[in-house]
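Protein chains in written order, with the numbering used here: chain Z, 30 to 280; chain B, 19 to 361; chain V, 28 to 333; chain P, 5 to 395.
Glycine is no exception: its CB is placed at the ideal position from the N, C-alpha and C atoms.
Here the structure is laid out as structure tokens; the discussion comes afterwards.
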Amino acid sequence: MAEPLLELRNLRKAYGALVVTDDVSLAVQPGELHAIIGPNGAGKTTLIHQISGTLRSDSGSVLFAGQDVTSLSMPQRVGRGLARSFQITSILPGFSALENVALAVQARSGSSFRFFGNASQEKALNQPAMDCLQQAGLGARAHIPSGLLSHGEKRQLELAIGLATEPKLLLLDEPLAGTGHDESQRVVETLRRLKGRLTIVLIEHDMEAVFSLADRVSVLVYGRVIATDTPGRIRANPEVRAAYLGEEEMV
Amino acid sequence: MTELADTASAPAPSLSTRFEVVPIVLFAAFAAAPLFATYSGAEGYVLSLLTRVMIFGIAAMALDLILGYGALVSFGHAAFLGIGGYAVGILATHGIEDALIQIPVALVASALFALVTGAISLRTKGVYFIMITLAFGQMLYFLATSLAAYGGDDGMTLSSRSLVAGSRILKSDFAFYWMCLICLLGAYAFSRSVVASRFGRVLRGTRENAIRMEAIGFQPFRFQLAAYVISGMMAGLAGCLLANQAEFVSPAFMTWQRSGELIFMVVLGGLGSLHGAIIGAAAFLLLEEFLPEILHGVSFFLAEETRAHLAENWKMVFGPLLILIVLFVRGGIMGLLRRPRHG
Amino acid sequence: MTATLLFVQTLNGLQFGLILFLIAAGLTLVFGVMDFINLAHGVQYMVGAYLVAAFSVWTGSFGWALLLALPSALGFGLLLEVLVFRHLYDRDHLDQVLATFGVILFLNQAVKFVWGAAPLSVPVPDLLSGSVEIASGLLYPVYRLAIIAAGLIVAALLYVLVNHTRIGMLVRAGASNAAMVSALGVNIQRLFMIVFGFGAMLAGFAGAMVAPILSVEPGMGDNILILAFVVIVIGGIGSIRGAFLAALLIGLVDTVGRSFAPNLLRLFLDPAAASQTGRAIAPMLIYIFMAAVLFFRPSGLFPVKR
Amino acid sequence: MNVTIKTLGLAAAVTLAAAPAMAQEKLKVGLLLTLSGPSAVLGQQARDGFQLAVKDLGSKLGGRDVEVIVVDDELKPDVAVTKVKGLLERDKVDFVVGPIFSNVAVAVHKPIVDANTFYISTNAGPSNLAGKSCSPYFFATSYQNDQNHEVLGKVAQDRGYKKVYLLAPNYQAGKDALAGFKRHYKGEVVEESYVPLNTLDFQSELAKIASMQPDAIFTFMPGGMGVNLVKQYRAAGLADRIPFLSAFTVDESTLPAQQDAAIGMLGGSNWAPNLDNPQNKKFVAAYEAAYNSVPGSYSMHAYDAALLIDSALKSTGGKMDNKDAVRAAIKKADFKSLRGDFKFGSNGFPVQDFYLVKAAKRSDGKFQTEIVEKVFDDYTDAYAKECAATN
């Protein structure tokens, strides 16, 4: 097996007596789509925060591309190719969809301490941004102020922004949350197109989507990883079934 | 990021090259004013008043750069007026009267002060940021009042306006007026450029959603700090001009009330619109200057004594006027100007 | 400097701090619960002082004047709430700042219009005039002790009110999550009015209490307003406990620092330089103190969880 | 919007500038005073004093109809500069009278004298205007700032006080005050205590004073600060034990608020409402009748300023065109000053008598300062010799 792109070693985060993630160890292989599932309150979002650097871990370490990034801030991790999206839509509502993405391109290309020249006219930023929007299926909506986009479109926009940071690995925090059926289909299609071209860690509640997309699945229960395996074997795992009992129907 | 971010309604600047009426009319009016001033027969007064408007326009615009585009409410910006003013005053008392030295010194001093206080203040957010900038402003104010060698609380009179490359050209009110107009235009053009630039886009993005900016790889702190320094330097320039306009420098330049007035000018004009800040400064200063007379004028049907009373108590009208503007004119004066176009 | 002097200065700091607390308590609640920046809080302090001055001329007694001034200050606060502030709750902070500044301009001029520009006088009530001897030759005015007592009693009442009553529970909940409180079906409009009126009354009470020792004049609320903001920011916005502690700290830093800073500096500098530096630093002390607190605790001493 | 307002403003400027054409004979006097903020009461006293004089003179100065334009300097020096330029160039005033505060006086000095306009100070007398920066266009009907303090220093020296405690706000005027006091006082200064400007509470200084037990204290605490200090000094029980010498602390502007607390406290002044001469008696009675308050030296100086302008113009036949002639006429000071003896020194400041005064309650229940004794006779300020102007 190749060296993992992302490796978590014994990550832990607690708020007072409440332990949210506990001794989480995980390895994500280059190119795979690795889903993390778990019942509500299992600590999935906290884990994403720890990986992306939004939250400091109490102990344990995060290795990315073979290097320890535990002490780096979020922007520094982004600089190394570790990008994320947010569960609650997090875009710049006053900016057009294109500008949202162009900003992400800008972060990767050249200094942003430039005080002259109209950034919104820079072809070198707008062209790649447009590509990303098209990949995310939003090309036609590029010039709409993003605050006016539909909820599903905002999720697609988040994906496009994530792509524009040219990540090696994309952390997606419930990209389907709150979308309607058609919208969620569109996002799933986009993910399917991206799959294989870059490594993706996906946190998602929609089991149908997870099991159709993921190469491997890790199950988080009460802050601990209880199993990591292929979708088929996870579905058969009795421990996982027990954890989900009464929570929601396994597909 | 600050509590203001989610509600601040400043629109992204129009990035199209659309013909913009307001700034053109505004600057044309400033350019034409000297003619009018001559005609009025009170040119020194009219020029002096309009020069003040332009100087405070620069300061308000400087504040708008971080307040309107960065949601950073600095409640200590008058400190930079003081730094600029004292740079001129202190250098002049030591025989260095040339603006070509004074202004760079003022800019460097403003930048240093902004760098140090900004680096500390930006650790905090929202109201805490407002108050910590106030704290630094107050510290500088009290420092100035204790400078006995430079007049302490009374301040000091400049023996003359600054020289420019050894020439006494600024002695003429007209020349000084043009210099201020050039500074205003320069500051405006520079600010427009900054706002639309890569840097400005990051700043605006940070105002809307700092977490998102971090998630695409920006460190907001560095951009906010740089913006704070730029803004401080612009306000420092305004301070140099203000000292020359009044031919006088004193700690009164940097009271917290003055910082508050700068905020009002920006909000009055309309947040996040650079020429709005200039218009806000103009509206504020001209109201301050003429409201007593306007009140005296419109109350012609009352007894003279009552009219004098009314004019003296003009703040009793100015206060409610501010309240009404806030309640009924969203987005300041620029909001008012923009409204018909939108709909 | 003797220990007695230090003791007296501590009492002074305590007294100043408690007055600040009375003002800051209302400000921090209004800010914390309603997310409303009320610059006009300082003029409510001024109005309290003017009311007690007017009533004491009318009734000839400080006690009666105080009794009349409190409900009047409350009524006045409610009037402002209905006329102006109510329309600003859903606005952003800058709008609130601008509009409440308008209220300051108006009221500062209005009291001058009504009572004249000259400072007014309120005599110290006979019952509380005179001094007690703390140490030989060191007299301390009884009225100041009364202020300390009144401040402590109000602080204790506030503690009970906020921690052990239903309305206090709502206020605390509102400070950390206003949306939740309104989701509970509480009449948020009425809660706001109560908090607002109560805050105005506390500020008015502070103004009334200081009227006999300070001059009652237009603009007397402006500087104290800034100090009250310093207090609530140091304490953590929305935290009564924080406001209490911060008010006492500011009172002590200002009073004790002012009289002992030159002496302390004399340890390092020659006397002339020490007194000069001390003089320059004394007025900056509280701001230095605030900047230092915020440097280490960017959300104040007792941040309210949001 | 901006344009409209500006046009309005300019239109107003034009209209006002055009006004002299219609009424050429009117003499214009600009009163620049602090009329807003906590110190407004001082400006009001000066304004009322000046207007009372104009009324007493039949609404004419030197035989000419007079228009008095009152502007508020807001105690902001840079605002004052703009307002003064308005007075000079828009209103084309013949005299600028005022201001109250020295920082404003220093700021507006240059524009006024640069415009060759006569500038008559009715209160502020900063040392540089009396000394190095004196000008042939500047006159004061008040005093040089240090002089009232010097009165108390002389009194402390003459009474043989060995230890004096000095207390002043931490700003330039405060430092000047203590320097003025020490010009004649040679005894020991046990402490020079400076409090921040706008200090509300002096309890901490009072505690120090009580523990140091000086023979007297000298203080300069203008306005609301003075009210607070006096009330607290009395409440701390110090008033009967340690003499309270002060300047600009206990006067007619603060006594209505200090009331009984101030009785017996000593001050220095060039005048008091009970000064015994006929013109003063008439003035005090008329002022009290018109404004229902006891006049202070602020109104006296302003009243005298009007008398001064009146006398000068009478002497030139109402003409202003020959500035040298006007100056010569002003210098003669040919009017009956409310304070009796009055003449100008070489620097345009008065040479006058100074008194020790004491706060007292009158039989009608009002408070005023009353003369205790004359301390200086025909006293010239300490800076006059630095003045090079041929005044």
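In angstroms with no decimal places, state the Cα-to-Cα distance between residue i and residue j.
{"i": "residue 75/V", "j": "residue 248/V", "result": "10 Å"}
{"i": "residue 138/B", "j": "residue 272/V", "result": "24 Å"}
{"i": "residue 311/V", "j": "residue 88/B", "result": "28 Å"}
{"i": "residue 133/B", "j": "residue 250/B", "result": "9 Å"}
{"i": "residue 143/P", "j": "residue 122/P", "result": "8 Å"}
{"i": "residue 172/B", "j": "residue 107/B", "result": "13 Å"}
{"i": "residue 233/B", "j": "residue 50/Z", "result": "22 Å"}
{"i": "residue 383/P", "j": "residue 278/P", "result": "21 Å"}
{"i": "residue 354/B", "j": "residue 325/P", "result": "50 Å"}
{"i": "residue 170/V", "j": "residue 287/V", "result": "25 Å"}
{"i": "residue 99/B", "j": "residue 187/P", "result": "37 Å"}
{"i": "residue 172/P", "j": "residue 149/P", "result": "14 Å"}
{"i": "residue 314/V", "j": "residue 192/Z", "result": "46 Å"}
{"i": "residue 257/Z", "j": "residue 209/Z", "result": "29 Å"}
{"i": "residue 255/V", "j": "residue 67/Z", "result": "49 Å"}
{"i": "residue 276/V", "j": "residue 44/V", "result": "7 Å"}
{"i": "residue 390/P", "j": "residue 94/P", "result": "34 Å"}
{"i": "residue 6/P", "j": "residue 312/B", "result": "Residue placement at residue 6/P cannot be trusted, given a pLDDT of 37 that sits under 50; what the coordinates show is reported in the next sentence. About 16 Å."}
DSSP beta-bridge partners for residue i?
{"i": "residue 69/P", "result": "64/P"}
{"i": "residue 251/Z", "result": "According to DSSP, residue 251/Z bridges with nothing at all."}
{"i": "residue 2/P", "result": "Residue numbering for chain P in the displayed model covers 5 to 395; residue 2/P lies beyond these limits and cannot be assessed."}
{"i": "residue 251/P", "result": "224/P"}
{"i": "residue 63/Z", "result": "230/Z and 245/Z"}
{"i": "residue 123/P", "result": "100/P and 142/P"}
Starting from residue i, follow the alpha helix (DSSP H) in both directions and report where the run begins and ends.
{"i": "residue 120/V", "result": "120 to 142"}
{"i": "residue 43/Z", "result": "Taken as a continuous stretch (DSSP letters only), residue 43/Z belongs to no alpha helix (DSSP H), being part of the beta strand (DSSP E) at 35 to 44."}
{"i": "residue 68/V", "result": "68 to 86"}
{"i": "residue 181/Z", "result": "180 to 193"}
{"i": "residue 212/P", "result": "207 to 216"}
{"i": "residue 258/V", "result": "247 to 262"}
Am I right that residue i and residue j are in contact with their C-beta atoms under 8 Å? What's the rounded C-beta distance?
{"i": "residue 147/V", "j": "residue 70/V", "result": "Residue 147/V to residue 70/V, Cβ: 15 Å. No contact."}
{"i": "residue 252/P", "j": "residue 152/P", "result": "7 Å"}
{"i": "residue 65/P", "j": "residue 313/P", "result": "5 Å"}
{"i": "residue 70/P", "j": "residue 77/P", "result": "That belief does not hold up - the Cβ atoms of residue 70/P and residue 77/P are roughly 21 Å apart, past 8 Å."}
{"i": "residue 34/Z", "j": "residue 112/Z", "result": "Incorrect: roughly 13 Å between the Cβ atoms, too far for contact."}
{"i": "residue 73/Z", "j": "residue 242/Z", "result": "Not quite, the Cβ-Cβ distance comes to about 16 Å (not below 8 Å), so this is no contact."}
{"i": "residue 134/P", "j": "residue 385/P", "result": "5 Å"}
{"i": "residue 301/V", "j": "residue 52/V", "result": "Not quite, the Cβ-Cβ distance comes to about 37 Å (not below 8 Å), so this is no contact."}
Where does the unbroken beta strand (DSSP E) through residue i begin, and where does it stop?
{"i": "residue 144/P", "result": "142 to 144"}
{"i": "residue 167/P", "result": "167 to 173"}
{"i": "residue 198/P", "result": "192 to 199"}
{"i": "residue 63/V", "result": "Segment: none, residue 63/V is in no beta strand (DSSP E) and carries neither H nor E."}
{"i": "residue 112/Z", "result": "111 to 113"}
{"i": "residue 199/Z", "result": "198 to 202"}
{"i": "residue 91/Z", "result": "88 to 93"}
{"i": "residue 223/Z", "result": "Segment 210 to 223 is the alpha helix (DSSP H) holding residue 223/Z; no beta strand (DSSP E) there."}
{"i": "residue 32/P", "result": "31 to 37"}
{"i": "residue 52/Z", "result": "47 to 57"}
* **Stretch-stretch touch, CB-based, cutoff 8 Å, three pairs: the segment 227 to 235 of chain Z with the segment 156 to 176 of chain Z** => The segment 227 to 235 of chain Z vs the segment 156 to 176 of chain Z: no contact.
* Three-pair Cβ contact test at 8 Å for the segment 339 to 346 of chain P versus the segment 255 to 267 of chain P -> Because the criterion of three Cβ pairs below 8 Å is not met, the segment 339 to 346 of chain P and the segment 255 to 267 of chain P do not touch.
* Is the segment 44 to 63 of chain P in contact with the segment 298 to 309 of chain P, if contact means three or more CB pairs nearer than 8 Å? -> A contact exists between the segment 44 to 63 of chain P and the segment 298 to 309 of chain P.
* Are the segment 30 to 46 of chain V and the segment 204 to 221 of chain P in contact at 8 Å, needing three or more beta carbon pairs? -> A contact exists between the segment 30 to 46 of chain V and the segment 204 to 221 of chain P.
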